[in-house]
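Structure, as structure tokens:
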Amino acid sequence: MSSSTLAMAALLLWVSMLRGSTAQLDANFYDTTCPDVLSIVQQVISNASQTDIRIGASLIRLHFHDCFVDGCDGSILLDNSSTIETEKDAAPNVNSTRGFGVVDDIKTALENSCPGVVSCADILAIAAEESVAGGPSWTVLLGRRDSTTANVTGANTNLPAPSENLTTLITKFSDVGLDTTDLVALSGAHTFGRARCVSFIDRLYNFSGTGSPDPTLNSTYLATLQQLCPQGGNGSVLADLDPTTPDEFDNNYYSNLESNEGLLQSDQELYSTSGADTISIVSNFSSNQSAFFETFAQSMINMGNISPLTGSEGEIRLDCRLGCGASLLLDGSDGEKFAIVNKNSARGFEVVDTIKRAVESACIGVVSCADILAIAARDFVFLIS
Ligand code: HEM
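Using full-length UniProt numbering, you'd call the opening residue of the sequence shown number 1 and step up by one each time.
Quick look at the structure:
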């Protein structure tokens with residue numbers, strides 16, 4: 001082999017090592033760079049749950065809403081900015097998803113221990129597992145990186161709606177590589193947490209435009225829900241997704257479906273759609289909690305594997321709500337961009353974003369945004385001189 005061929009082969013190897021975008025997720029990903037990552041996340045969630053019993057439910061739902069929109073890439077966490085239209089304003093999320101402050105607290109704790117290392121996408125995956133305390137556990141695969149973009153249109157179209165029928169639910173899951181068993185198992189997360197009246201009120205008074213309640217609803221349960229959610233009342237009032245054990249992670253969700261006490265139409269569809277494959281899966285999980293826990297754990301891993309960014313793709317955000325993180329570059333209404341001296345004046349942020357992306361694809365998580373600004377200033381002086 002000639003020396004030039006050898007040099008070319010070495011270069012190609014080097015480039016492929018740098019890019020590494022086919023990298024797999026790995027349970028040991030942070031073993032050397034942030035060995036305490038799991039216990040740090042657990043501690044913050046455990047503290048938060050002292051004052052917010054619902055926080056586990058809210059956090060696991062964030063991971064779901066993240067993964068179904070362009071993969072598990074932390075995109076749901078990005079706030080509005082000059083370059084981002086936030087997914088938080090999409091219909092399935094607005095006035096509904098919560099727990100963002102706890103994610104910020106986790107990120108702060110991790111940045112204190114291992115700066116610039118743990119992605120926000122991985123925080124959501126770990127938080128989801130830590131959230132089902134008392135329920136199943138699983139080994140969380142890690143190594144996801146954070147998106148530099150959000151997709152509000154994707155959030156509006158890909159996420160399933162509570163009024164959707166079984167065929168549509170199966171399709172939306174299969175679109176992201178999840179099967180019918182995953183659908184039934186993951187819906188079991190509705191064993192805890194809350195839903196607003198607005199998410200199921202049609203079932204109580206005007207199901208599918210019939211002018212009558214959903215005929216599958218247990219009549220006693222219907223009366224209770226009608227009392228909680230009167231017609232023309234406050235749509236933000238909360239109901240327990242599992243009326244029997246509202247804050248426990250158990251298999252009662254499935255026995256509720258068998259007694260026609262699924263809160264959302266999408267829940268009851270799993271058991272009440274005649275001839276559906278899902279019925280026997282519901283019955284199995286209802287009679288066998290271990291089967292539910294085991295399948296749920298595997299399905300959470302399957303969901304966490306949806307199109308992650310790995311290797312040199314995306315970035316490691318320093319703040320889960322924002323992209324590139326030198327202080328002037330930080331977005332948000334109280335960011336320095338909005339100080340009087342900068343407002344309507346400082347510009348070039350998009351170019352800095354582009355530089356950061358290019359630098360990240362060559363040297364992952366290495367060059368700070370602050371240094372990018374310093375180098376850009378020097379290069380500009382060089383260019384014009
Ligand atoms: C199968 C399709 C699904 C539909 C149609 C659906 C829909 C919904 C809706 C409408 C709510 C209540 C939102 C509100 O009223 O503010 C909700 C809450 C919730 N969902 Fe789902 N969901 C589905 C699947 C999942 C999956 C796969 C998970 C997690 C693995 C999940 C976890 C939760 C949790 C834990 C809550 C309660 C959150 C809280 O209390 O903050 N859901 N879901």
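Backbone N, C-alpha and C fix where the C-beta goes; we use that ideal spot for every residue, glycine too.
Any idea if THR191 is buried or exposed, counting beta-carbon neighbours within 10 angstroms, 16 or more meaning buried?
Reading the sequence shown from its first residue, position 191 is the one you call residue 191. It counts as buried.
CB-CB under 8 Å to LEU110, same chain, minus the five flanking residues each way: which ones, in chain order?
The residue labelled residue 110 in the question sits at position 110 within the sequence shown. Here the set comprises CYS34, VAL37, ILE40, VAL41, VAL117, VAL118, ILE123.
Is the separation between the beta-carbon of SER147 and that of LEU257 shorter than 9 Å?
Position 147 of the sequence shown holds residue 147. Position 257 of the sequence shown holds residue 257. Not closer than 9 Å, so no.
DSSP beta-bridge partners of ASP146
What you label residue 146 is simply residue 146 of the sequence shown in a count that begins at 1. GLU315, per the DSSP bridge assignment.
Inter-residue spacing [alpha-carbon to alpha-carbon] between VAL132 and PHE249:
Translated into positions along the sequence shown, residue 132 becomes position 132. Translated into positions along the sequence shown, residue 249 becomes position 249. Looking at the two C-alpha atoms, the distance is approximately 6 Å.
With DSSP as the reference, please indicate the residues paired to ALA239 in a beta bridge.
Within the sequence shown, numbered from 1, the residue matching residue 239 stands at position 239. ALA239 is bridged to ALA195.
Taking 8 Å as the cut-off, does the CB of PRO136 come closer than this to any heavy atom belonging to ligand 1?
Residue numbering aside, residue 136 sits at position 136 when the sequence shown is read from its first letter. No - ligand 1 has no heavy atom lying nearer than 8 Å to the Cβ of PRO136.
Which residue spans inside the stretch 58 to 116 form an unbroken alpha helix (DSSP H) run of at least 4?
100 to 113
Got a sec? Which residues, its chain only, sit under 6 Å from LEU330 by beta carbon, not counting five neighbours each side?
Position 330 of the sequence shown, counted from the start, is the residue given in the question as residue 330. For LEU330, the pLDDT reaches just 49, beneath the cut-off of 50, and the residue's location in the model is therefore unreliable, leaving the point undetermined.
Under the criterion of a Cβ to heavy atom distance below 8 Å, does PRO243 qualify as lining ligand 1?
As a position in the sequence shown, residue 243 is number 243, starting the count at 1. Incorrect: PRO243 has no Cβ contact closer than 8 Å to ligand 1.
Roughly how many whole angstroms lie between the Cα atoms of LEU241 and LEU263?
Counting from 1 along the sequence shown, the entry for residue 241 is found at position 241. Counting from 1 along the sequence shown, the entry for residue 263 is found at position 263. Approximately 6 Å, taken between the alpha carbons.
Looking at PRO246 and THR194, is the spacing between their C-beta atoms short of 9 Å?
For this step, residue 194 is matched to residue 194 along the sequence shown. For this step, residue 246 is matched to residue 246 along the sequence shown. Residue 194 is actually Arg in this sequence, not Thr. Their beta carbons are under 9 Å apart, which means ARG194 touches PRO246 by this criterion.
Between SER236 and ASN95, which are expected to be in contact by the criterion C-beta below 8 Å, what is the C-beta distance as a whole number of angstroms?
Stepping through the sequence shown from its first residue, residue 236 is reached at position 236. Stepping through the sequence shown from its first residue, residue 95 is reached at position 95. Correct: roughly 7 Å between the Cβ atoms.
Less than 8 Å between the CB of ARG194 and some heavy atom of ligand 1, yes or no?
The count along the sequence shown starts at 1 and reaches residue 194 at position 194. The answer is yes for ARG194.
Unbroken alpha helix (DSSP H) run spanning ALA121, endpoints
Along the sequence shown, one-based indexing puts residue 121 at 121. Counting along the chain, the alpha helix (DSSP H) containing ALA121 begins and ends at 120 to 130.
Residues that DSSP places opposite LEU186 in a beta bridge
Counting from 1 along the sequence shown, the entry for residue 186 is found at position 186. Note: LEU186 sits in no beta bridge, so no partner.
Contact check, ASN260 vs ASN218, beta carbons under 9 Å
Residue mapping note: residue 260 aligns to position 260 of the sequence shown, counting from 1. Residue mapping note: residue 218 aligns to position 218 of the sequence shown, counting from 1. Against a cut-off of 9 Å, the Cβ pair of ASN218 and ASN260 comes out as a contact.
Where ASP26 sits in the DSSP three-state scheme:
As a position in the sequence shown, residue 26 is number 26, starting the count at 1. Of the three classes helix, strand and coil, the one that applies to ASP26 here is strand, per DSSP.
Beta-carbon spacing of CYS72, ASN251 below 9 Å:
Taking the first residue of the sequence shown as position 1, residue 72 is located at position 72. Taking the first residue of the sequence shown as position 1, residue 251 is located at position 251. Against a cut-off of 9 Å, the Cβ pair of ASN251 and CYS72 comes out as no contact.
Could you please give me the residues that DSSP links to LEU309 through a beta bridge?
Translated into positions along the sequence shown, residue 309 becomes position 309. DSSP, once it has assigned bridges, lists ARG145 as partnering LEU309.
Assess, as a yes-or-no matter, whether the stretch 159 to 175 is touched by the stretch 126 to 140 under the definition of 3 or more beta carbon pairs within less than 8 Å.
no
Between the C-alpha atoms of VAL198 and LEU225, what's the straight-line distance to the nearest angstrom?
In the sequence shown, residue 198 corresponds to position 198, counting from 1. In the sequence shown, residue 225 corresponds to position 225, counting from 1. Each residue's Cα considered, the two are about 12 Å apart.
Go through its chain and collect everything with a Cβ distance to SER187's Cβ below 7 Å, but skip five positions before and after it.
Here residue 187 refers to the residue found at position 187 when the sequence shown is read from its first residue. Cβ within range, chain order: ASP267, LEU270.
Identify whether PHE293 lies in helix, strand or coil by the three-state DSSP scheme.
For this step, residue 293 is matched to residue 293 along the sequence shown. Helix.
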